[in-house]
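Enquirer:
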Amino acid sequence: MENFNAIPVFVAVAQQGGFSAAARELNISKSAVSKRITQLEQQLGIRLIHRTTRKLSLTEAGERYYEYSLQATRAAQQAEDAVGELQGEPRGLLRINAPMSFGRLHIAPLMAEFLQRYPLIEMDLVLDDNTLNIIEQGFDLAIRATRLPDSTLIARKLAPLHSVVCAAPGYPFRTALTSPISLADENCLLYSYSDDASHWAFVPQPETWGTALQVKVSGNYRVNNSEALLEAILAGAGIGRLPSFAAAEYIRRGKLMRLFPAYRMPVKTMYAVYPERHYMPAKVRVFLEFAREKLGKDAPHWDAGLF
Numbered sequence: 001m002e003n004f005n006a007i008p009v010f011v012a013v014a015q016q017g018g019f020s021a022a023a024r025e026l027n028i029s030k031s032a033v034s035k036r037i038t039q040l041e042q043q044l045g046i047r048l049i050h051r052t053t054r055k056l057s058l059t060e061a062g063e064r065y066y067e068y069s070l071q072a073t074r075a076a077q078q079a080e081d082a083v084g085e086l087q088g089e090p091r092g093l094l095r096i097n098a099p100m101s102f103g104r105l106h107i108a109p110l111m112a113e114f115l116q117r118y119p120l121i122e123m124d125l126v127l128d129d130n131t132l133n134i135i136e137q138g139f140d141l142a143i144r145a146t147r148l149p150d151s152t153l154i155a156r157k158l159a160p161l162h163s164v165v166c167a168a169p170g171y172p173f174r175t176a177l178t179s180p181i182s183l184a185d186e187n188c189l190l191y192s193y194s195d196d197a198s199h200w201a202f203v204p205q206p207e208t209w210g211t212a213l214q215v216k217v218s219g220n221y222r223v224n225n226s227e228a229l230l231e232a233i234l235a236g237a238g239i240g241r242l243p244s245f246a247a248a249e250y251i252r253r254g255k256l257m258r259l260f261p262a263y264r265m266p267v268k269t270m271y272a273v274y275p276e277r278h279y280m281p282a283k284v285r286v287f288l289e290f291a292r293e294k295l296g297k298d299a300p301h302w303d304a305g306l307f
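Take the sequence shown: its position 70, counting from 1, is numbered 70 in my numbering, and each next residue is one higher.
1) By how many angstroms is the C-alpha of Glu-276 removed from the C-alpha of Leu-70?
2) Measuring alpha carbon to alpha carbon, tell me which residue in Val-164, Thr-175, Asn-225 is nearest Leu-259.
3) Taking Tyr-271 as part of the alpha helix (DSSP H), name the residues at either end of that continuous run.
4) Among Asp-140, Pro-160, His-162, Ala-159, which one has its Cα closest to the Cα of Leu-153?
5) How should Arg-144 be labelled, buried or exposed, when 16 other C-beta atoms within 10 angstroms of its C-beta is the threshold for buried?
6) Tell me whether Ile-233 sits in a helix, a strand or coil according to DSSP, three-state version.
7) Which value, in whole angstroms, describes the spacing of the CA atoms of Leu-48 and Ser-34?
8) From Ile-7 to Thr-73, what does the alpha carbon distance come to, in whole angstroms?
9) Return yes when the Cβ of Ala-167 is within less than 9 Å of the Cβ of Leu-256, no when it is not.
10) Which one or two residues does DSSP pair with Leu-56 in a beta bridge?
11) From Gln-116, Thr-146, Gly-92, Leu-105, pick the residue whose C-alpha is nearest to that of Asp-124; which is it?
12) As a quick exercise: from Pro-172, Ala-32, Leu-127, Tyr-274, pick the residue whose alpha carbon is nearest that of Ala-237.
13) Could you spell out where the beta strand (DSSP E) holding Phe-260 opens and where it closes?
14) Looking at the structure shown, is Asn-5 part of a helix, part of a strand, or coil, going by DSSP?
15) Return helix, strand or coil for Asp-309, following the three-state DSSP convention.
16) If I'm right that Val-13 touches Leu-44 with Cβ under 8 Å, what's the distance once you round it to whole angstroms?
17) Ignore the nearest five residues each way along the sequence and tell me which others in Tyr-65's own chain have a CB closer than 6 Å to its CB.
18) How far does the alpha helix (DSSP H) with Ala-282 in it extend, from its first residue to its last?
19) Looking only at DSSP bridge pairs, what is Val-164 linked to?
20) Report yes or no: do three or more beta-carbon pairs, one from the stretch 184-198 and one from the stretch 211-224, lie closer than 8 Å?
See the structure below:
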């Protein structure tokens, strides 16, 4: 147990990949981090971290110690959560990870109201289109456009996630777009983080009107951000598939044309995912309730009149 106080320092070094970054994360000096890790290794009688001039990496013993250190920090967090349930008003640091475009358009604008409603909560919102490991990165909750298979995470539905194919009103079509099949001959702009970036599926509405289609598309521009893709489509660079949460307002204002309204694209779901815990922290519970209230869950406000 004499090493217990060193566990958060060791975990920070392992997660941040260096002493300087860990020091910033813990708000202590780099020398204090280095000294604590050295003391830990001396007490354990084994090297935990390979040190080079360029980077740090865990030894085999370090990997094993890190695995159990994570379990210890989670247990400590759950103990705090259990006590926090008795404190009444939600409080503490709430770390949330969300996709860049969705987070900026539909989560960030809610923050002022949320923090006014719960003044004892401190928010750390991280927007990133990469799928981060929320447990290793220390997030309380993440917003994901797909349900994760990891059984250690709980997923709760936030909203349906529709996609639409759009073009600017002045875009010079190469062919007469009689059906989605025509897209194979057009310049289609692609969202590179999609697992089906160049294969677009269409389902007729109602489904009894025809058969589902899948079209292989291609084009001269690929980008990993929905808003950057939106800008290119607005400028007339090509045809693109956009999430309705980004495109709907521009369609309503006539800045974009929605193509093939007689078809729908497969609907995904926006989830809130969080680590499985015996006690859900009050700060996480109230954010979930708030987000579901504001986003609309089954009928999100951005889709009004579109489907």
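Glycine is no exception: its CB is placed at the ideal position from the N, C-alpha and C atoms.
Expert: Quick answer:
1) 14 Å
2) Val-164
3) It is not in any alpha helix (DSSP H) - Tyr-271 instead sits in the beta strand (DSSP E) that spans 268-275.
4) Asp-140
5) buried
6) helix
7) 12 Å
8) 8 Å
9) yes
10) Arg-51
11) Gly-92
12) Pro-172
13) Counting along the chain, Phe-260 falls outside any beta strand (DSSP E), and DSSP gives it neither H nor E.
14) helix
15) Coverage of the chain is limited to positions 1 through 307, which leaves residue 309 absent and any answer about it impossible.
16) The pair is not a contact, with the Cβ atoms about 15 Å apart (cut-off 8 Å).
17) Leu-48
18) 282-295
19) Leu-242
20) yes
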